[in-house]
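Participant: Going down the list, the sequences are from chains A and B. Under this note's numbering, the residues of the first sequence are numbered 664 to 998, in order. Under this note's numbering, the residues of the second sequence are numbered 664 to 998, in order. Structure provided below as structure tokens; questions to follow.
There are 2 protein chains.
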Amino acid sequence: MNPPTIKDVAKAANVSVATVSRVLHNLTGFSDKTKQKVLQAVEELGYQPNAIARGLINKRTQTIGVLFPDVSSNFSSDILHGVEDAAHEKGFSVIVCNTAEDGKRTMKYLQVLREKQIDGIVFTSEFLKDEYYEALNDMRVPVVLVNTQTHKHMIPYVKVDDRQAAYQATDYLIRNGHREIAMISGTLTDPIAGTPRVEGYKQALADHGIEVDEDRIAYGNFGYESGRQAMHKLLAEAPSFTAVFAASDEMAVGAMGAAFEKGLKIPDDLSIIGYDDLNISRMIYPPLTTVHQPLADMGRLATEKLIALIENTSQVSSSIVSHYIVERQTVRKLP
Amino acid sequence: MNPPTIKDVAKAANVSVATVSRVLHNLTGFSDKTKQKVLQAVEELGYQPNAIARGLINKRTQTIGVLFPDVSSNFSSDILHGVEDAAHEKGFSVIVCNTAEDGKRTMKYLQVLREKQIDGIVFTSEFLKDEYYEALNDMRVPVVLVNTQTHKHMIPYVKVDDRQAAYQATDYLIRNGHREIAMISGTLTDPIAGTPRVEGYKQALADHGIEVDEDRIAYGNFGYESGRQAMHKLLAEAPSFTAVFAASDEMAVGAMGAAFEKGLKIPDDLSIIGYDDLNISRMIYPPLTTVHQPLADMGRLATEKLIALIENTSQVSSSIVSHYIVERQTVRKLP
DNA sequence: ATGAAAGCGCTAACAA
DNA sequence: TTGTTAGCGCTTTCAT
């Protein structure tokens with residue numbers, strides 16, 4: 664009735680449980696004949712090891728947790744894909760945690776993960792509050808950050824250089840002959856994806872001797888609708904501009920929608936460059952020129968780091984991964 | 664050094680482990696004074712229960728597994744969102760499994776989930792092969808299917824009526840005055856999302872006395888690029904048509920791209936209706952009219968069913984959830 | 001080469 | 001109301 668245990672196998676093979684364990688783990692100390700007996704018993708009974716019992720004694724569950732502010736976003740799911748892939752490769756399972764808006768469930772989840780004795784955590788796209796840090800620290804498991812970082816604590820992270828990426832996006836526009844460049848920024852209070860991108864934009868303008876005009880900067884929350892509204896605002900209130908740098912692809916797409924609504928043609932009447940390189944960017948028309956962030960790779964890299972830490976084969980180390988501009992069809996070269 | 668166990672708490676509170684367990688579970692049989700002592704010890708030591716040990720004895724891990732052919736697709740991540748949400752609400756964690764192209768990793772994952780003693784499985788968007796069924800059956804845990812189904816076995820599923828939804832999409836086009844209607848189908852070998860949608864399309868035409876022309880049907884694999892190609896093929900080879908029904912939003916978006924490339928205006932020159940209602944559909948321009956599938960709700964419902972089954976508070980039951988057409992701006996009313 | 005036995009941290013009879 | 005104890009299924013000394 665109940666699934667067979669190692670005891671049942673031992674009995675069937677006429678050996679002790681210790682021996683069964685030995686052959687199952689390919690240790691030493693058993694004859695070839697015993698091995699056959701055991702393997703046959705395993706086969707006949709359809710025995711499957713119980714990872715829970717194993718975990719209780721090994722103090723390892725071969726499971727990691729990954730936290731996202733919004734699992735269903737395109738952004739998160741790309742990262743998840745990389746995480747899952749790397750984890751699976753190394754023999755780990757991954758528990759997904761959706762921390763929901765403003766990390767409402769973060770603490771709760773940390774608690775759950777702790778009780779479930781997970782071996783490590785990938786923490787993504789959310790600012791690491793002190794409260795979280797304390798909890799994480801209490802758990803005594805390795806943590807790797809993706810798309811966020813902390814200077815306060817020694818926690819490895821994997822992200823792109825947001826400031827530099829924004830700089831280059833703006834610079835790209837300038838090299839294409841644009842001088843009147845607007846920006847649609849994300850929330851300024853976001854210390855990772857907010858401020859640095861605006862700074863990069865400003866710096867690029869400054870380095871080219873272009874005056875920064877705050878009226879050409881509109882703010883959104885990285886989402887589609889906010890991008891659409893920001894663009895409408897810009898179109899209505901800002902000094903004229905020939906190009907826009909949006910701090911996220913979703914906002915860029917929203918901005919394009921707004922432009923279309925006003926009868927503008929892209930890139931003929933207005934150029935636009937995004938940030939992220941989500942799938943949607945190559946699917947819309949015209950395909951969006953944008954800054955590519957290797958999200959899946961970042962998830963993968965973070966997970967590999969995490970597992971190395973778990974198996975303590977490595978020291979804590981962070982990575983700035985490289986971004987690049989994907990030239991598609993939303994930026995026009997000005998004469 | 665090591666995290667405190669129930670024993671440590673017992674010692675600190677000067678009671679037995681049984682008593683600690685009792686107050687922690689709010690059972691009966693302890694005085695208020697003991698309760699205070701225990702709670703205080705818990706507090707002081709920062710005790711956290713070990714779910715692994717608990718699972719070993721309860722034979723319940725409060726964890727479910729969910730399998731996707733492609734976690735990073737928009738489609739999967741919406742379902743995942745619903746699953747995660749419902750699971751979290753009921754006190755379950757979810758392990759995500761990406762079965763990869765053609766279910767390469769499905770069997771492997773089923774094995775892992777089994778060893779990890781998960782309490783149930785949500786199986787999505789993939790045809791349930793006999794091999795999978797056998798494995799699932801061996802595991803003796805409840806399973807709920809999402810977006811797929813099986814007639815051969817008694818496994819509850821949650822999905823929309825694909826045939827009817829396709830019928831209605833086509834009918835919608837007809838009611839808007841279209842009579843020359845092409846279709847971009849998914850893979851015909853897909854018994855869930857392939858054939859039924861084509862049948863629904865044909866039936867709708869037939870019911871309106873419109874002859875079905877096989878040359879107006881092109882085939883893709885549900886993905887963007889295949890939709891783009893299918894549309895190019897249709898435009899080049901098919902008899903003229905004024906509207907297209909695409910069996911997935913991604914293909915619809917690809918088809919729109921192809922149309923734009925040919926200088927066609929949507930919906931002025933060509934109407935198009937999609938299927939799925941992914942986020943992208945409302946973000947592109949013009950926003951795509953499509954058949955809404957409540958993916959997150961489906962994930963949620965399936966998970967609730969699953970958990971009910973786990974806690975055997977219910978009998979096996981399937982649900983056909985309702986779809987509806989979201990009218991946006993890609994279908995033009997013909998005079 | 002093999003087995004006996006002691007736990008891992010917890011729950012749940014069963015006693016007291 | 002409280003404690004003792006026997007496991008859950010497994011790994012790992014330590015004997016033999």
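We put the CB at the ideal spot given by N, CA and C, even for glycine.
(1) With DSSP as the reference, identify every bridge partner of D906 (chain A), one or two as the case may be.
(2) Got a sec: is the Cβ-Cβ distance from S684 (chain A) to anything in chain B below 7 angstroms?
(3) For F627 (chain B), would you say it is in contact with chain A, using Cβ-to-Cβ distances shorter than 7 angstroms as the test?
(4) Thinking V678 (chain A) and T697 (chain A) are a contact (beta carbons under 8 angstroms), I'd like their distance in whole angstroms, please.
(5) Would you kindly work out how many angstroms separate the C-alpha atoms of A881 (chain A) and M919 (chain A), rounded to a whole number?
(6) So which residues on chain A does P712 (chain B) lean against when the C-beta distance must stay under 9 angstroms?
(7) Buried or exposed: where does V729 (chain B) fall if 16 or more other Cβ atoms within 10 Å of its Cβ makes it buried?
(8) Note down, one range per segment and in chain order, each beta strand (DSSP E) of at least 3 residues found wholly within the stretch 776-861 of chain B.
(9) Just to confirm my understanding: we take P859 (chain B), look at its own chain, exclude 5 residues before and 5 after, and list those with CB closer than 6 angstroms. What are they?
(10) State the DSSP-derived secondary structure class of Y948 (chain A), mapped to helix, strand or coil.
(11) Which chain A residues are close to T966 (chain B), counting only those with a beta carbon under 8 angstroms from its beta carbon?
(12) Can you find the residues in the same chain that come closer than 7 angstroms, C-beta to C-beta, to N942 (chain A), ignoring five residues on each side of it along the sequence?
(13) Just how far apart, CA to CA, sit G883 (chain A) and L958 (chain A)?
(14) According to DSSP, simplified to helix, strand and coil, what is D939 (chain A)?
(15) Determine the burial state of A869 (chain B): buried for a count of at least 16 other Cβ atoms within 10 Å of its Cβ, exposed for fewer.
(16) For A681 (chain A), which beta-bridge partners are listed by DSSP?
(17) Fully enclosed by the stretch 692-775 of chain B, which alpha helix (DSSP H) runs are 4 residues long or longer?
(18) In chain order, what residues of the same chain lie with their CB nearer than 8 angstroms to the CB of S980 (chain A), ignoring the 5 residues before and after it?
(19) CB-CB under 7 angstroms to H841 (chain A), same chain, minus the five flanking residues each way: which ones, in chain order?
(20) Going along the chain, which residues of the stretch 859-891 of chain B sit with their C-beta nearer than 8 angstroms to a C-beta in chain A?
(21) The beta strand (DSSP E) that contains V989 (chain B), what's its start and end?
(22) So, using beta-carbon positions, are I784 (chain B) and V806 (chain B) closer together than 7 angstroms?
(23) Using a C-beta to C-beta distance shorter than 9 angstroms, which residues of chain A count as neighbours of S977 (chain B)?
(24) Give the DSSP-derived three-state secondary structure of S981 (chain A) in the structure shown.
(25) Please state whether DSSP places H895 (chain B) in a helix, a strand or coil.
(26) Just to confirm, is the Cβ distance from D878 (chain A) to A901 (chain A) under 7 angstroms?
(27) Any C-beta of chain B within less than 8 angstroms: which residues of the stretch 739-768 of chain A qualify?
(28) If we ignore side chains and look at the alpha-carbon of each, how far apart do M846 (chain A) and A750 (chain B) end up?
(29) Taking the continuous beta strand (DSSP E) assigned at A881 (chain A), which residues delimit it?
(30) At the level of alpha carbons, what is the spacing between I720 (chain A) and Q780 (chain A)?
(31) Name the chain B residues whose beta carbon is nearer than 8 angstroms to that of I715 (chain A)?
(32) Can you tell me whether A867 (chain B) is buried or exposed, with buried defined as 16 or more other CB within 10 angstroms of its CB?
(33) Report all residues from its chain with a CB closer than 8 angstroms to the CB of S903 (chain B); omit the five preceding and five following residues, and keep chain order.
(34) So, helix, strand or coil for T966 (chain A), using DSSP?
(35) Distance cutoff 7 angstroms, beta carbons only. Does M946 (chain B) sit that close to anything in chain A?
(36) Quick one: measure Cβ to Cβ for T813 (chain A) and S788 (chain A), integer angstroms, because I've assumed they're closer than 8 angstroms.
Facilitator: So, from the listed chains and residues:
(1) It should be pointed out that residue 906 (chain A) corresponds to Ala in this sequence rather than to Asp. In the DSSP output, where bridge partners are listed per residue, A906 (chain A) has A:I844, A:S934.
(2) Not one chain B Cβ lies under 7 angstroms of S684 (chain A).
(3) Because chain B is modelled from 664 through 998, residue 627 (chain B) falls outside the range shown and cannot be assessed.
(4) Their Cβ separation, rounded to whole angstroms, is 6 angstroms, which keeps V678 (chain A) and T697 (chain A) in contact under 8 angstroms.
(5) Straight-line spacing of the CA atoms in A881 (chain A) and M919 (chain A) works out to 15 angstroms.
(6) Correct list: E778.
(7) By the neighbour-count rule (16 or more Cβ atoms within 10 Å), V729 (chain B) is buried.
(8) When DSSP assignments are scanned along the stretch 776-861 of chain B, the uninterrupted stretches of beta strand (DSSP E) that are 3 or more residues long and fall wholly within it turn out to be 783-787, 806-809, 820-823, 844-848.
(9) Its chain contains D825, R826 as the residues whose beta carbon lies nearer than 6 angstroms to that of P859 (chain B), once the 5 sequence neighbours on both sides are disregarded; these appear in chain order.
(10) Residue state, collapsed to three classes: coil.
(11) What T966 (chain B) touches in chain A: nothing, since even the nearest Cβ is about 13 angstroms away.
(12) Excluding sequence positions up to five before and after N942 (chain A), its CB lies within less than 7 angstroms of the CB of N737, all in the same chain and listed in chain order.
(13) Rounded to the nearest whole angstrom, the C-alpha separation of G883 (chain A) and L958 (chain A) is 22 angstroms.
(14) Looking at D939 (chain A) - three-state DSSP - the assignment turns out to be strand.
(15) Counting every other CB atom within 10 Å of its CB across the protein chains shown gives A869 (chain B) a total below 16, marking it as exposed.
(16) According to DSSP, A681 (chain A) bridges with nothing at all.
(17) Qualifying alpha helix (DSSP H) stretches, in chain order: 695-708, 714-721, 737-752.
(18) Shown here for S980 (chain A): same chain residues with a beta carbon closer than 8 angstroms to its own, the five before and five after excluded, namely P819, K968 in chain order.
(19) Correct list, in chain order: T905, A906, S934, L997.
(20) Those would be Y887, in chain order.
(21) Counted as a single uninterrupted DSSP element, the beta strand (DSSP E) harbouring V989 (chain B) occupies residues 987-989.
(22) In this structure, V806 (chain B) lies closer than 7 angstroms to I784 (chain B) by Cβ.
(23) By Cβ distance, chain A contributes nothing, its closest Cβ being about 23 angstroms from S977 (chain B), past 9 angstroms.
(24) Correct three-state label for S981 (chain A): coil.
(25) Three-state DSSP puts H895 (chain B) in a helix.
(26) Note that the C-beta distance between D878 (chain A) and A901 (chain A) is below 7 angstroms.
(27) Result list: S739, S740, D741, L743, H744, E747, D748, H751, S756, V757, I758, V759, C760, N761, R768.
(28) Their backbone Cα atoms lie some 40 angstroms apart in a straight line.
(29) Going by DSSP, A881 (chain A) is part of the beta strand (DSSP E) stretching over 880-882.
(30) Cα to Cα, the separation comes out at about 12 angstroms.
(31) In chain order: I715, G718, L719, T724, K779, Q780.
(32) Buried, by the Cβ-count rule.
(33) Within its own chain, the residues whose Cβ lies closer than 8 angstroms to the Cβ of S903 (chain B), once the five positions on either side in sequence are excluded, are E843, listed in chain order.
(34) Three-state result, T966 (chain A): helix.
(35) Yes, contact with chain A.
(36) In this structure T813 (chain A) is not in contact with S788 (chain A), their Cβ atoms being roughly 13 angstroms apart against a cut-off of 8 angstroms.
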